[in-house]
Amino acid sequence: MMHHLVQLAYLVATVLFVFSLHGMNDPKTARRGVQAGILAMALAIAATWAQPSITHHGWILAAIIAGIAVGIPLSKVPLTAVPQRTAISHAFGGLAAGLVGTAKFVLWSVYEPEELSQFRMGAIVLEVLLGFLTVTGSLMAAGKLQEVKWIPQRPVTYPFQNVSNIGLLGLAVLFGVLLVLNPTGSGAGFLFAGVILLALAFGVLLIIPIGGADMPTVISILNSYAGLSAVAMGFVLDNKLLITAGALDGASGLILSIMMCRAMNRSFTNVLFGAFGQVQAVAVDSEVRHYKPETIEGAAQVLEQANLVVIIPGYGLAVAQAQHRVRELYDQLTKAGITVKFAIHPVAGRMPGHMNVLLAEAEIPYSDLIEMDEINADMPQCDVALVIGANDVVNPAARTVKSSPIYGMPIIDADKAKTVFAIKRSKNPGFAGIDNELYFQDRTFMLFGDAKAVVGELAKHLAGGGGH
Amino acid sequence: MGLNKEGIVGLLLLADVTSTAENAIKHATVSVDYWSLLFVFAMASLLGFGVIVRVSRLLHTPLMSLTNAISAIAVVGSIIVTGHADYPLGIRILGAIALFASMTNVVSGFLITDRMLKMFKQPGGSGESKR
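Sequence order for the protein chains is A and B.
Heads up, the first sequence is in our numbering, so the first residue is 820 and it goes up one at a time.
Heads up, the second sequence is in our numbering, so the first residue is 196 and it goes up one at a time.
Given below as structure tokens:
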């Protein structure tokens, strides 16, 4: 009887999880989706805990309380740090899967070798491999995003990098295959420890050659791995709820990574093994070219004359925490009857949808956040394109320069606007390390300085200058 | 192109299954119906693709934190390993750490998703719209 009740609870939880994700279709229904997810999770926890075979309640309670104690502060990070938080939570997910897999392996191989079938062994190997590589990979990604000092920000490359990485993974898979062939063999413990160590090492080495611009894809891939490791746990424990919920997460991560790859016109393999940014020295021209700087006053005057202003935000906006100043500028412009739209490139920022969340935080209505494909149709009518902390996503080299590492990447057509203002912290090239043609064209003027300060001053000028 | 990685995972899984098929008959002690588990996995993945593709692009960041919370369903496995009456101490310690890690994701995942979603405002309205 209990068995049937638990299975029923799991079934209901699965349905609620699907509803939960379905709610994310639209910002209007999304919060209801979260509620469905919370209900499903509570149901799943209660049903599992209520089983008669579960007796160590103190242990469960202590672990749950500790989880809540760490989880609450982690949910309160500033929105600019959401990519790091996401990476850390992937690491936690991978850790849980890896530990449960290890526990089941030890349990079965020491106490109940007859239970350790080849199917289960295969599932455990997958679970542990995906779980532990997600742990170190995600921690590395989080470290890069947080700009931890001893983790290099720029891609690190060395000779035979891909060969040795693939060799390492191949070795782990070989160990796994040996384990599956003979799950209870004499060397099984050593092989298993080998799989864990190789997975941990592979996670680190996989992320080392990846630069900041590729983080949206990498985070999505790790998201998918965390989900698939939960699926593998479901195979190990013969639990269908783990399989369905894990599969939903796996599918989500996979779709997001495909979208990110498309938005950069690159393949999975190219992101993981291509070491973006390696080619930085190539694109430099021999002739010395000059930026045309513009003053705040000048820029404010041009903005006042505009009908349509398109703001193109990038990671620099997040770094400078400029979203609230952007809101002030948005208010001043709309007050003067000027239409303001935001052009959102899918890979702007450090994770999928990063810019939308930051601008939503600054209370900019989401109907003014326009996707790349849609806004590009309007760019020729745009009077002023204001580029804030974005670089590669507006670089026309993506259309024309075949040797450029971003060649073929779809971009926001800032160069088609009548006037372009670009706010830039320094004269250095962007993350991909490529010169940006846009900054040197006739109608482009540079506003050098911290994005937050520059946008704030622009807003102040528009507020004060409107009267006279 | 984009399916490379997942394809490999799928193949590995299939390879495991086919190699176990014959042996499972010999080792009749373990009676896991892995075919039905694989069916569940395949169907849930397809359903997942169908649902996720329709998710608003505006909400991709909250989507990722929501799926973080959902994949923290690993709590279920962790509770079993932590609390099972017959399991030795060492196993339960591993389970408790796993339970801590996944519970962290449950709590922070749902909370931050809701926190972000609250910020998405419609034009004109000061709060979220109610329909």
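The beta carbon of each residue, even a glycine, is placed where N, CA and C say it ideally should be.
For chain B, find out if any of its Cβ atoms is closer than 7 Å to the Cβ of residue i; answer yes or no.
i                  : result
GLN1099 of chain A : Only weak support is given to the placement of GLN1099 of chain A: the predicted model assigns it a pLDDT of 43, under 50, and the question is left unresolved by the model.
LYS1059 of chain A : yes
THR867 of chain A  : yes
LEU914 of chain A  : yes
TYR1134 of chain A : no
SER1071 of chain A : yes
HIS822 of chain A  : no
PHE1095 of chain A : In this prediction, PHE1095 of chain A scores a pLDDT of 48, lower than 50, which makes its location untrustworthy; the coordinate-derived value is nonetheless stated afterwards. Chain B, which has no Cβ nearer than 7 Å to the Cβ of PHE1095 of chain A, makes this no.
GLU966 of chain A  : no
PHE836 of chain A  : yes
TRP927 of chain A  : no
ILE1074 of chain A : yes
PHE1054 of chain A : yes
ASN1175 of chain A : yes
ILE1015 of chain A : no
PHE911 of chain A  : yes
THR1063 of chain A : yes
GLU1123 of chain A : no
THR874 of chain A  : yes
MET1079 of chain A : no
ILE1130 of chain A : no
ALA785 of chain A  : Because chain A in this structure spans residues 820 to 1287, residue 785 of chain A falls outside the shown range and cannot be described.
ILE1029 of chain A : no
GLU1190 of chain A : yes
Indicate whether at least one CB of chain A lies closer than 7 Å to the CB of residue i.
i                 : result
PHE234 of chain B : no
LEU294 of chain B : yes
LEU253 of chain B : yes
LEU289 of chain B : yes
LEU284 of chain B : no
LEU312 of chain B : yes
How close, in whole Å, do the beta carbons of residue i and residue j come, if the pair is a contact with beta carbons under 8 Å?
i                  : j                  : result
LEU1303 of chain A : ALA1018 of chain A : An answer regarding residue 1303 of chain A cannot be provided, because it is not within the stretch 820 to 1287 covered by chain A.
PRO1132 of chain A : LEU1091 of chain A : With 8 Å as the limit, PRO1132 of chain A and LEU1091 of chain A do not qualify as a contact, their Cβ atoms being about 27 Å apart.
ILE265 of chain B  : PHE951 of chain A  : Not a contact, Cβ separation roughly 21 Å.
VAL889 of chain A  : THR299 of chain B  : 5 Å
THR867 of chain A  : VAL271 of chain B  : 5 Å
LEU1257 of chain A : ASN1214 of chain A : 6 Å
ILE1231 of chain A : ALA1162 of chain A : 5 Å
ALA922 of chain A  : LEU289 of chain B  : 4 Å
Report all residues from its chain with a CB closer than 8 Å to the CB of residue i; omit the five preceding and five following residues, and keep chain order.
i                  : result
LEU1281 of chain A : ALA1119, LEU1122, GLU1123, LEU1148, GLN1151, LEU1152 and ALA1155
PRO318 of chain B  : none
ASN218 of chain B  : Confidence at ASN218 of chain B is low in this model, with a pLDDT of 45, below 50, so its placement is unreliable and the value that follows should be read with caution. If we look at ASN218 of chain B and ignore the five residues flanking it on each side, it has no Cβ neighbours.
LEU1067 of chain A : PHE836, VAL837, LEU840 and GLY1046
LEU988 of chain A  : LEU1017 and PHE1021
Using the Cα positions of residue i and residue j, report the straight-line distance between them to the nearest angstrom.
i                  : j                  : result
VAL1103 of chain A : SER1223 of chain A : Annotation note: pLDDT 47 at VAL1103 of chain A (below 50); position unreliable, coordinate value reported separately. VAL1103 of chain A and SER1223 of chain A: Cα-Cα distance of roughly 10 Å.
GLN1099 of chain A : ASP1254 of chain A : Residue placement at GLN1099 of chain A is poorly supported in this model, since its pLDDT is 43, which falls under 50; the coordinates are not used for a value here.
ILE873 of chain A  : GLN972 of chain A  : 46 Å
SER928 of chain A  : PRO1171 of chain A : 42 Å
ILE268 of chain B  : ALA863 of chain A  : 8 Å
MET1265 of chain A : LEU1060 of chain A : 55 Å
PHE1087 of chain A : ILE1225 of chain A : 15 Å
ASN1210 of chain A : PHE315 of chain B  : 26 Å
MET1034 of chain A : VAL1176 of chain A : 17 Å
PHE1095 of chain A : HIS909 of chain A  : The predicted model places PHE1095 of chain A with a pLDDT of 48, which falls under 50 and marks its position as unreliable, so this point remains unresolved.
VAL1273 of chain A : VAL1129 of chain A : 17 Å
GLY1227 of chain A : PHE979 of chain A  : 27 Å
ILE943 of chain A  : ASN1058 of chain A : 14 Å
LYS1111 of chain A : GLN1200 of chain A : 23 Å
PRO1002 of chain A : GLY852 of chain A  : 42 Å
ALA828 of chain A  : GLY842 of chain A  : 21 Å
LEU258 of chain B  : HIS1109 of chain A : 43 Å
ASN984 of chain A  : LYS963 of chain A  : 20 Å
MET1052 of chain A : SER240 of chain B  : 16 Å
ALA280 of chain B  : HIS255 of chain B  : 41 Å
ILE1062 of chain A : GLU931 of chain A  : 24 Å
Taking Cβ positions only, does residue i come closer than 7 Å to chain D?
i                 : result
ARG850 of chain A : Protein chains in the displayed structure are A and B, and chain D is not among them.
Apart from the five residues just before and just after residue i, which ones in its own chain have a Cβ nearer than 7 Å to its Cβ?
i                  : result
SER904 of chain A  : Here residue 904 of chain A is Arg; the residue named in the question, Ser, does not match the sequence. These residues qualify, in order along the chain: LEU893 and VAL896.
LYS1271 of chain A : ALA1139, GLN1140, ALA1141 and ARG1144
ARG1262 of chain A : LYS1237, THR1238 and VAL1239
GLN1260 of chain A : ASP1234
LEU294 of chain B  : VAL270, SER273, ILE274 and THR277
Given residue i, which residues of its chain have a CB within under 6 Å of its CB, disregarding the five upstream and five downstream residues?
i                  : result
GLY1275 of chain A : ARG1144
LEU1073 of chain A : SER1043
ILE1027 of chain A : VAL975
Legend entry - Contained alpha helix (DSSP H) runs [length at least 4] in the region 1108-1183 of chain A, N- to C-terminal order: Listed in chain order, they are 1115-1123, 1134-1138, 1142-1154 and 1173-1180.
Legend entry - Complete alpha helix (DSSP H) runs within the region 927-1000 of chain A (minimum length 4 residues, chain order): Within the region 927-1000 of chain A, the complete alpha helix (DSSP H) segments of 4 residues or longer fall at 937-965 and 980-1000, listed in chain order.
Inset, instruction - Counting only runs of 3+ residues fully inside the region 1194-1225 of chain A, write out the beta strand (DSSP E) ranges in chain order. - result: Contiguous beta strand (DSSP E) elements confined to the region 1194-1225 of chain A occur at 1203-1207, taking only those with 3 or more residues.
Legend entry - Inside the region 1052-1099 of chain A only - alpha helix (DSSP H) runs reaching at least 4 residues: Taken in chain order, the unbroken stretches of alpha helix (DSSP H) that lie wholly in the region 1052-1099 of chain A and span 4 residues or more are 1059-1082 and 1087-1092.
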